Every structure is written in C-alpha cells, then in structure tokens.
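In the numbering used here, the protein residues as written are 31 to 199. Where a beta carbon is used, it is the ideal one built from N, C-alpha and C, also for glycine. What you are looking at is a predicted structure, and each value in this text was computed from that prediction instead of being measured.
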Amino acid sequence: MSREPSTATVGGRRWIAIGALVAIVALVTACGGGSSGASPSAAGATSVNVTLQEFAIISAIASVPAGTVTFVTKNTGPEDVHELVVVKTDLGAADLPVDKDGKATEGVPGVTLIGEIEDIAVGETKQADLELTQGKYVLICNIVQTEPDGSLEAHYKVGMRTAFEVTAP
Ligand SMILES: [Cu+2]
C-alpha cells in the first residue's frame, strides 16, 4: 500500500485551490469599486476626486492615509483652464506666501511642491499618482491670467485653495 496520494487527488486539490483564489480576487474587486470619492484599489492606492471651478477647489475627501494617492481631477469651469498643484506645508490654505502677482510661491522653506497636474481644460478630467507621506497639505490652482482690462487674476488668491491632510498609513 502506498501513502502517496494518487495523481487524480492532487489534481483535484489544485483545482479547489484555484477556485478559492478566484473567489478571493472577486471579493477584493467588489470592494474596490466605491464611489464615495475615496476607494482603496487592489494596488493600495487611494483615489480622490477633485473638482476645479471658478473659483474653488473641492476635494471629495479632506483626509487620506499615507501612500499612493490618485488625484482624479475634473475642471468644471465654466470658462477657465485650471491646474491642480499639491504642496506640503503646515501653513493654512490661505496663508501661503505669494509673489507680486498673487501667485503662491511653491518650493520655498515651509512649502514643498509635491506634484501637479497642469492645463486641465474645461470639461476635461486628468489624473496623477502622488506618493504622499503623513502631514498637512494644500491643494491649489496657481494659474495667473490676464483679464481683458489688463489686470492680473491669480486663481490662488481668489479662492482656488483647500486644505488636505494625510494621516498615518
Ligand atoms: Cu484655476
């Protein structure tokens, strides 16, 4: 008598194992499809829906765990091109240093530029993955445009800014 399992038994167990794996993958996939504005994906990234408009930045959620964050950014206009700039800073959203045109200075001591999605046309959605560590951030649009009367309009200054926080992973 042999104590080795027959080939048929081994084959059967293998198929059961594959079936269980498929069931687990299906469960993970089902859990990843949330529409709340933050949905952990299978890869561990957190997706954040951001709306840009004249003149505000609206993030569907204000806080995410550290890691890969996918900013899915839509410009709802109605007229202007916008951008999303992510800076890490302990300063308040309205307190970033600005230049003479009202443009926020990115990359000065206390304000670290992390990443940006430039030139998002009205109606367009663009996305980018950023690696964010724990801390306080501000999301801004830093476009300065010339008005028909020749004056400058700094989007940051007129309200395109919002606080964002990254918590422990
Ligand atoms: Cu803008």
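- Judged by beta-carbon spacing, I173 lies within the 8 angstroms limit of V111, meaning their Cβ atoms are closer than that value.
- Taken from the Cβ of I173, at least one heavy atom of ligand 1 lies inside 7 angstroms.
- Using a Cβ-Cβ distance cut-off of 8 angstroms, the segment 96–112 and the segment 80–88 are in contact, since at least three pairs of beta carbons, one from each stretch, lie closer than that value.
- In the three-state reduction of the DSSP assignment, F194 falls in the strand class.
- When secondary structure is reduced to three states using DSSP, Y167 falls in the strand class.
- Sorting V78, S77, I88, G165 by C-alpha distance to the C-alpha of T192 places I88 at the top.
- Relative to ligand 1, D129 has its C-beta separated by 7 angstroms or more from all heavy atoms.
- Per DSSP, the continuous beta strand (DSSP E) segment holding K104 begins and ends at 97–107.
- Closest option to V188, judged by alpha-carbon separation, among Q157, G137, I144, D125: D125.
- A direct Cα-to-Cα measurement between Q164 and T119 gives close to 11 angstroms.
- Residue burial annotation: E177 is exposed, with fewer than 16 other C-beta atoms found within 10 angstroms of its C-beta.
- The three-state reading of DSSP puts T176 in strand, counting E and B together.
- For D159, the uninterrupted beta strand (DSSP E) segment begins and ends at 155–162.
- No beta strand (DSSP E) of 3 residues or more sits fully in the segment 115–141.
- L82 has its Cβ nearer than 7 angstroms to a heavy atom of ligand 1.
- The straight-line gap separating the alpha-carbon atoms of G153 and G122 is approximately 29 angstroms.
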